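First up is the structure itself, then whatever we jot down about it.
There are 2 protein chains.
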Amino acid sequence: MLGKPVRDRKTERQQATRSEILETAWEIAREKGLAELTLRDVAARIGMRAPSLYSYFASKNAIYDAMYGQAWTRYLAVMDAIEPTLSRSPRAALKTMARTFFDYAVADLARHQLMNQRTIPGFVPSPESYAPAVEVLERGRVELARLGVQDAGAFDLFTALLGGLINAQQANDPGGDRWARLLDEAVDMFADHLGLPESTRRRA
Amino acid sequence: MLGKPVRDRKTERQQATRSEILETAWEIAREKGLAELTLRDVAARIGMRAPSLYSYFASKNAIYDAMYGQAWTRYLAVMDAIEPTLSRSPRAALKTMARTFFDYAVADLARHQLMNQRTIPGFVPSPESYAPAVEVLERGRVELARLGVQDAGAFDLFTALLGGLINAQQANDPGGDRWARLLDEAVDMFADHLGLPESTRRRA
DNA sequence: GTCTATACACCGATAGAC
DNA sequence: GTCTATCGGTGTATAGAC
Numbered sequence: 015m016l017g018k019p020v021r022d023r024k025t026e027r028q029q030a031t032r033s034e035i036l037e038t039a040w041e042i043a044r045e046k047g048l049a050e051l052t053l054r055d056v057a058a059r060i061g062m063r064a065p066s067l068y069s070y071f072a073s074k075n076a077i078y079d080a081m082y083g084q085a086w087t088r089y090l091a092v093m094d095a096i097e098p099t100l101s102r103s104p105r106a107a108l109k110t111m112a113r114t115f116f117d118y119a120v121a122d123l124a125r126h127q128l129m130n131q132r133t134i135p136g137f138v139p140s141p142e143s144y145a146p147a148v149e150v151l152e153r154g155r156v157e158l159a160r161l162g163v164q165d166a167g168a169f170d171l172f173t174a175l176l177g178g179l180i181n182a183q184q185a186n187d188p189g190g191d192r193w194a195r196l197l198d199e200a201v202d203m204f205a206d207h208l209g210l211p212e213s214t215r216r217r218a
Numbered sequence: 015m016l017g018k019p020v021r022d023r024k025t026e027r028q029q030a031t032r033s034e035i036l037e038t039a040w041e042i043a044r045e046k047g048l049a050e051l052t053l054r055d056v057a058a059r060i061g062m063r064a065p066s067l068y069s070y071f072a073s074k075n076a077i078y079d080a081m082y083g084q085a086w087t088r089y090l091a092v093m094d095a096i097e098p099t100l101s102r103s104p105r106a107a108l109k110t111m112a113r114t115f116f117d118y119a120v121a122d123l124a125r126h127q128l129m130n131q132r133t134i135p136g137f138v139p140s141p142e143s144y145a146p147a148v149e150v151l152e153r154g155r156v157e158l159a160r161l162g163v164q165d166a167g168a169f170d171l172f173t174a175l176l177g178g179l180i181n182a183q184q185a186n187d188p189g190g191d192r193w194a195r196l197l198d199e200a201v202d203m204f205a206d207h208l209g210l211p212e213s214t215r216r217r218a
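Chain order of the listed sequences is A and B.
If you read the first sequence in my numbering, its first letter stands for residue 15, the second for the next number, and so on.
If you read the second sequence in my numbering, its first letter stands for residue 15, the second for the next number, and so on.
Dropping the structure here:
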């Protein structure tokens, strides 16, 4: 009686192939656009035929779903990295959080579309992949509460403001900074509205 | 020698059919979603076959394009209607403008997707159809300038804020009012930031 | 002149041989 | 597990019926 091996080489191999598929999918999405991703294209780049992908993912949407989960999970890691640097000043911390999310969104159009827009017809993230997105939001909510922003409506206002700036930047000035350079001002506007300490800069 | 008739019955008929196609396309988009629109479906509902539509529109995207133009042109009419009611109070006028645009966007999901999002892969509005959208923006810019908001960045901030609220409402609480009820507060926040007269309501 | 039938290339997905 | 073959769907091009 030899018992079960510690490592399951088969599932390890399976996982490696899944990762390879996802990596290739991201690559194509960045090159050609998220919607232009095709199974035949993904398969060809890794030396397979399209139907073989169904051994690793149940459908094309399942691939999108895994990508969605990856994108949000990776952003959780980004949040972990910046958390220690969050200043004691509420405004500075708000600005860092906003800037970090803004930059992550703007850095990869395809990823941003998948994470924050409904650009793939019929795609709805599974609860499993949605979980990290919820956690990002929840961490943001907690962090803002810590900074003195406890009102639920205020948090909704903050996310809408941030999302609006990201969207405007991506849609109307991709690659530029027309809305990016308004980000700090927007956060100050929000902070002023809530009466957070420090700064009172206004426009003429 | 009879000269050219005053009315061109042929182009009249052609125009009528074009309108019928667009009307049907809107109907399907509202029923099934903008992306689920198919030429075969449109054609079937008006008693045609799909290829026949090519006598009236050069492509499917040309249909989307015409719809895009219609949506923005109709909003111009909405602006005409509310313009006389715009109060002398800058804040009240801002709120009316914001609320009007918000309601128009939220009233028809498919229309909003077409007007304000890039949800159709590969669709880019033609200059011709883009014109009314530009005019809406330009009128908004002029109106805000009249109210004392002359800074270009401030106008960009306003559009981003408004767009963010609309987007959040549609994406996260369709049919509800979680972000709709923040609209007046958001406008006040913006107005406060710019130092516009009247009101100073704050959150705790 | 309008509309249709046909066809093409491409897509996601499935069935079954190996 | 990967393949070939195929299905039903799409947008679209074109030849020709009436």
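All C-beta atoms, glycine included, are put in the ideal place defined by N, C-alpha and C.
Everything numeric in this text was worked out from a predicted model, so none of it was measured.
Can you name the residues of chain A whose CB is closer than 8 Å to the CB of residue i?
i, result
"N181 (chain B)", "A174, G177, G178 and N181"
"L196 (chain B)", "G167, D170, L171 and A174"
Let's see if you can read the secondary structure: which residues bound the alpha helix (DSSP H) around residue i?
i, result
"I134 (chain A)", "That residue, I134 (chain A), is in no alpha helix (DSSP H); it is neither H nor E in DSSP."
"Q183 (chain B)", "A166 to N186"
"P146 (chain B)", "P141 to R160"
"K24 (chain A)", "R23 to K46"
"I77 (chain A)", "K74 to I96"
"K109 (chain B)", "P104 to A121"
"F204 (chain A)", "L197 to L208"
"L67 (chain A)", "From DSSP, L67 (chain A) is part of no alpha helix (DSSP H); its letter is neither H nor E."
"V163 (chain A)", "Looking at the DSSP string, V163 (chain A) is not in any alpha helix (DSSP H), and its letter there is neither H nor E."
"V56 (chain B)", "L53 to R59"
How would you list, in chain order, the residues of chain B whose beta-carbon sits under 9 Å from the beta-carbon of residue i?
i, result
"A185 (chain A)", "N130, Q131, R132 and G177"
"E50 (chain A)", "P135 and G136"
"F115 (chain A)", "Result: empty, since nearest Cβ-Cβ is about 13 Å, beyond 9 Å."
"D122 (chain A)", "Chain B residues near D122 (chain A): none, gap ~15 Å exceeds 9 Å."
"P22 (chain A)", "Position check: residue 22 (chain A) holds Asp in this sequence, whereas Pro was assumed. Here the premise fails: no neighbours, minimum Cβ distance about 39 Å."
Exposed or buried, residue i, counting other C-beta atoms within 10 Å across all chains shown (16 or more means buried)?
i, result
"M15 (chain A)", "exposed"
"A80 (chain B)", "buried"
"L179 (chain B)", "buried"
"P11 (chain A)", "The structure shown does not extend to residue 11 (chain A), since chain A is modelled only from 15 through 218, so no value can be given for it."
"A218 (chain A)", "In this prediction, A218 (chain A) has a pLDDT of 48, which is less than 50 and means its spatial position is unreliable; nothing more can be read from the coordinates."
"R160 (chain A)", "exposed"
"R23 (chain B)", "exposed"
"R63 (chain B)", "exposed"
"S101 (chain A)", "exposed"
"I60 (chain A)", "exposed"
"E167 (chain A)", "Before going on, a small fix: residue 167 (chain A) reads as Gly here, not Glu. Label assigned to G167 (chain A): exposed."
"S73 (chain A)", "exposed"
"R132 (chain A)", "buried"
"R105 (chain A)", "buried"
"S33 (chain B)", "exposed"
"A91 (chain B)", "exposed"
"Q183 (chain A)", "buried"
"V201 (chain B)", "buried"
"E26 (chain A)", "exposed"
"D206 (chain A)", "buried"
Please compile the residues from chain A whose C-beta is within a distance smaller than 7 Å of the C-beta of residue i.
i, result
"R192 (chain B)", "D170"
"A200 (chain B)", "L171"
"M93 (chain B)", "Within chain A, no residue comes near M93 (chain B); the closest Cβ sits about 20 Å away, beyond 7 Å."
Residue i versus chain B: which residues are under 7 Å apart at the beta carbon?
i, result
"V79 (chain A)", "In the sequence as presented, Val is not what sits at residue 79 (chain A); that position holds Asp. In chain order: nothing, as chain B lies at least about 17 Å away."
"M247 (chain A)", "Residue 247 (chain A) lies beyond the range of chain A shown here (15 to 218); nothing can be said about it."
Residues of chain A with CB closer than 9 Å to the CB of residue i, please, in chain order.
i, result
"H126 (chain B)", "Those within 9 Å of H126 (chain B) in chain A number zero; the least Cβ separation is about 11 Å."
Any heavy atom of the ligand SAM closer than 7 Å to the beta-carbon of residue i?
i, result
"E97 (chain B)", "Of the ligands one can find in the structure shown there are none, so the ligand SAM has no counterpart to examine."
Taking a Cβ distance cut-off of 7 Å, strictly less, list which residues of the stretch 149-171 of chain A are near chain B, in chain order.
D165, G167, A168, D170 and L171
Listed from N- to C-terminal order along the chain, which residues in the stretch 45-70 of chain B have their beta-carbon within a distance smaller than 9 Å of any beta-carbon of chain A?
G47, L48, A49 and E50
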